[in-house]
Amino acid sequence: MSELSVNHLLGIKYLNKKDITLIFETADHFKEVINRSIKKVPTLRDTTIANIFFENSTRTRLSFELAEKRLSADVVNFSAGQSSVKKGETLIDTVNNILSMKVDLVVMRHPNPGAGIFLSKHVKAAIVNAGDGAHEHPTQALLDSYSIREKLGDVAGKNIVIVGDILHSRVALSNIFALKLQGANVKVCGPKTLIPKHIESLGVSVETNLRKALEWCDVANMLRVQHERMDISYFPSIREYTQQFGVNKQLLNSLDKEIVIMHPGPINRGVEITSDVADSDQSIILHQVENGVAIRMAVLYLLASKIQ
Numbered sequence: 001m002s003e004l005s006v007n008h009l010l011g012i013k014y015l016n017k018k019d020i021t022l023i024f025e026t027a028d029h030f031k032e033v034i035n036r037s038i039k040k041v042p043t044l045r046d047t048t049i050a051n052i053f054f055e056n057s058t059r060t061r062l063s064f065e066l067a068e069k070r071l072s073a074d075v076v077n078f079s080a081g082q083s084s085v086k087k088g089e090t091l092i093d094t095v096n097n098i099l100s101m102k103v104d105l106v107v108m109r110h111p112n113p114g115a116g117i118f119l120s121k122h123v124k125a126a127i128v129n130a131g132d133g134a135h136e137h138p139t140q141a142l143l144d145s146y147s148i149r150e151k152l153g154d155v156a157g158k159n160i161v162i163v164g165d166i167l168h169s170r171v172a173l174s175n176i177f178a179l180k181l182q183g184a185n186v187k188v189c190g191p192k193t194l195i196p197k198h199i200e201s202l203g204v205s206v207e208t209n210l211r212k213a214l215e216w217c218d219v220a221n222m223l224r225v226q227h228e229r230m231d232i233s234y235f236p237s238i239r240e241y242t243q244q245f246g247v248n249k250q251l252l253n254s255l256d257k258e259i260v261i262m263h264p265g266p267i268n269r270g271v272e273i274t275s276d277v278a279d280s281d282q283s284i285i286l287h288q289v290e291n292g293v294a295i296r297m298a299v300l301y302l303l304a305s306k307i308q
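So this is what it looks like as structure tokens:
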């Protein structure tokens, strides 16, 4: 059996193209499993996985938990909000305490970029980065690419635009790495204040006119404006942002082709996309959610098989 070139999933930038292909092929198998009447497989029956979330997350945590349970793993959930972290316990102490319970894999979300990398050097378990600050969110990028592959047949050669708050988005960075690795053409679009200065060094181009970006692309991945990460105002008002960078049905219908709309969630309906776009036939947002479980099953299975 082929195996991943890495022992942890810390970021897309540590993967190669073969790793992505292997994850997708494994996810194809698990997608078939989760569409059966009996949705569980005993694959990880003797594996214990800890979900450690130092930041609030509903969708990602639920998706990982569902993936773990579908694989029959034992699951420990740890939320830092109600923990000794508030009393000053360090990250390593927290994780070592959890590992002393004989945990094999740790799924971690943390507000500090690089937290997963730091942890992987100090503990014996396999680490899956479920988002570290505004740095990376590898499983989201994998499920996004997987959803594009499912809808369009292949990612290579496709034109993908990522629209919105690129500066604060770990989803944008992981997506850029994943899409470029698979041979897609990538543009970013948003207010100049929300585009990182050296983004072109990643091999992407910048387009500040939304209409031009949509006319160019096959797929538009619409990001949420991350107010919680903003310490200053990056644009005059939400209303103005929506007028310039929001997608509504009228705009979609005025294009001379049909493009695919994606969103990593949660959606600010009426800001980055209107409800009639989110719920339209061009949107694959709910497919992304379903594919998220299959992708996370694949990642956990492939990493666990390296521990055994």
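Quick note on my numbering: the sequence shown kicks off at 1 and runs consecutively. Cβ atoms here follow ideal geometry from the backbone N, Cα and C, with glycine treated the same way. Small disclaimer: the values here were computed from a predicted structure and weren't measured.
Contact between K158 and V76 does not hold, since their C-beta atoms are separated by about 39 Å, which reaches or exceeds 8 Å.
Excluding five sequence positions before and after V107, the CB atoms of its chain that fall closer than 6 Å to its own CB belong to N51, F64, V128, A130, given in chain order.
Of all alpha-carbon atoms in P196, A278, F78, L62, the one lying nearest the alpha-carbon of M297 is that of L62. R211: member of the alpha helix (DSSP H) spanning 210 to 216, first to last residue. Of all alpha-carbon atoms in I295, V225, N248, the one lying nearest the alpha-carbon of S237 is that of V225. Each residue's CA atom was taken as its position, placing D279 and L210 some 20 Å apart. Restricting attention to S283, A213, Y146, the CA atom closest to the CA of G164 is found in A213.
With a cut-off of 8 Å on Cβ pairs, the region 284 to 298 is in contact with the region 130 to 150, counting three or more such pairs.
When the Cα atoms are used, N112 and H135 turn out to be separated by approximately 8 Å.
Closest option to L223, judged by alpha-carbon separation, among Q140, A178, L152: Q140. In the three-state reduction of the DSSP assignment, D132 falls in the strand class, which pools E and B. E207 carries a strand assignment under DSSP once its states are collapsed to helix, strand and coil.
Beta-bridge partners assigned by DSSP to K187: V161, S205. Within the DSSP secondary-structure output, T48 pairs in a beta bridge with D74. A residue is called buried once 16 or more other Cβ atoms fall within 10 Å of its Cβ, and N175 is buried on that count. Boundaries of the beta strand (DSSP E) harbouring V106: 105 to 110, taken from the DSSP string.
Sequence-distant Cβ neighbours of I259 in its own chain, meaning closer than 8 Å and more than five residues away, are L214, C217, D218, V219, A220, L252, Q282. Between F53 and A73 the beta-carbon gap is near 17 Å, outside 8 Å, which marks them as no contact. By the Cβ rule, the region 7 to 16 counts as touching the region 172 to 186, because three or more pairs are nearer than 8 Å. A304 sits close to L105, with the two beta carbons spaced by under 8 Å. Residue range 219 to 222 is occupied by the beta strand (DSSP E) that includes N221. With contacts defined by Cβ atoms closer than 8 Å, Y234 and L194 form a contacting pair.
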